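Structure first, then comments.
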Amino acid sequence: MNYLKRELEDTKILLRNVPSLVVSLFFISVIVMNLLANKELFSAKYIALDCGFTVSWISFLCMDMICKHFGPKAATKISIMALLINLGVCLLFKLMSLTPGMWGEFYSYGSMDVNQALNNTIGGSWYVVLGSSIAMLTSSICNSLLNHTIGKRLKTDDYRAFAIRSFTSTGIAQFIDNLVFATIVSHVFFGWTWIQVLTCSLTGAALELVGEIVLSPVGYRASLNWKKEDVGRQYLDYTNNIGE
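For what it's worth, the numbering used here labels the leading residue of the sequence shown as 6, then goes sequentially.
The following block contains the structure:
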């Protein structure tokens, strides 16, 4: 009971201290990523990518920023909250897809097939939600722990160190995220071969990493400003006092 009370207090203080813009971008990117995953971006014999990868790197960049300044536990907690919010949004979309009303595109085409297709897309499938949830939780924990572990072994705290810990943890975690999702959903329900699963996981992770590399200087400058402006002091003092 004492542990639960302490963790609840820890979470309350964390939410008051992490910059709202980063948390908002994190949550939005997770929701948008799962929506865009319904559309195929590219497909060939040995490789397939969905549109979700175009924004998935944003969530990992936000995680890396939070992990660097607030620690791996904070990054993991924010990731779990993003997961719960995404599940709530998925439930809302599912309920709205069951309502008798028509989508705007129905009046453009006059076809019930169009309306049903939109309901199926927005409502989603249980296995897609399950796969994405397990994949995100697994990769988030992996990313936070790797980022923190690598950072502790680096002797400097400059952009080079930020890049090493961020790019390494993101690349590995993105691969795990893609691999878990492709194994649970694409292989089991869509009939992907193991070659497609592996090549998609590797290619997707590489392309997603490129997005983070391009904007990593922005994340690094933001983390520098947090340190300079003593952002999150209340949370950092709290975790230091309880030995975390």
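All C-beta atoms in this analysis are idealised placements derived from N, C-alpha and C, irrespective of residue type, glycine included. All values derive from a computational prediction rather than experimental measurement.
Item, Value
"Aspartate 118, DSSP secondary structure in three states", "helix"
"Selected residue, minimal CA-CA separation from lysine 73, among Met6, Val23, Phe111", "Val23"
"Alpha-carbon spacing of leucine 184 relative to threonine 173, whole angstroms", "17 Å"
"Which of helix, strand or coil DSSP assigns to glycine 45", "Residue identity check: residue 45 is glutamate in the sequence provided, not glycine. Of the three classes helix, strand and coil, the one that applies to glutamate 45 here is strand, per DSSP."
"Cβ-based burial, glutamine 239 [other Cβ within 10 Å; buried from 16]", "exposed"
"Same chain only: Cβ atoms within 8 Å of proline 222, ignoring 5 sequence neighbours per side", "Tyr164"
"Stretch-stretch touch, CB-based, cutoff 8 Å, three pairs: the region 218-235 with the region 190-205", "no"
"DSSP-derived helix/strand/coil call for leucine 54", "strand"
"Cβ pair alanine 122, cysteine 147 closer than 7 Å", "no"
"Residue closest to asparagine 245, alpha-carbon to alpha-carbon, out of Lys78, Gly176, Thr161", "Lys78"
"Three-pair Cβ contact test at 8 Å for the region 26-35 versus the region 55-66", "yes"
"Where methionine 6 falls, given that 16 or more other Cβ within 10 Å makes a residue buried", "exposed"
"Three-state class that DSSP yields for glutamate 217 in the structure shown", "helix"
"Short CB-CB distance (under 7 Å) between arginine 238 and chain D", "Protein chains in the displayed structure number just one, and chain D is not present."
"Host alpha helix (DSSP H) of isoleucine 83 (start-end)", "77-102"
"Delimiting residues of the alpha helix (DSSP H) encompassing threonine 161", "Neither: threonine 161 is in no alpha helix (DSSP H) and is coded neither H nor E."
"Cβ pair glycine 128, phenylalanine 98 closer than 7 Å", "yes"
"Whole-angstrom C-beta distance between valine 190 and tyrosine 243, which should lie under 8 Å", "Their Cβ separation, rounded to whole angstroms, is 39 Å, which puts tyrosine 243 and valine 190 out of contact at 8 Å."
"Contact under 7 Å by Cβ, leucine 214 with glycine 156", "no"
"Same chain only: Cβ atoms within 7 Å of histidine 153, ignoring 5 sequence neighbours per side", "Cys72, Gly76, Pro77"
"Status (buried if at least 16 other CB within 10 Å, exposed otherwise) for alanine 211", "exposed"
"CA-to-CA distance, serine 64 to aspartate 182, given in whole angstroms", "12 Å"
"Burial state of phenylalanine 47 (16 or more Cβ within 10 Å)", "exposed"
"Cβ neighbour criterion (16 or more within 10 Å) applied to arginine 158", "exposed"
"Coarse secondary structure for tryptophan 108, derived from DSSP in three states", "coil"
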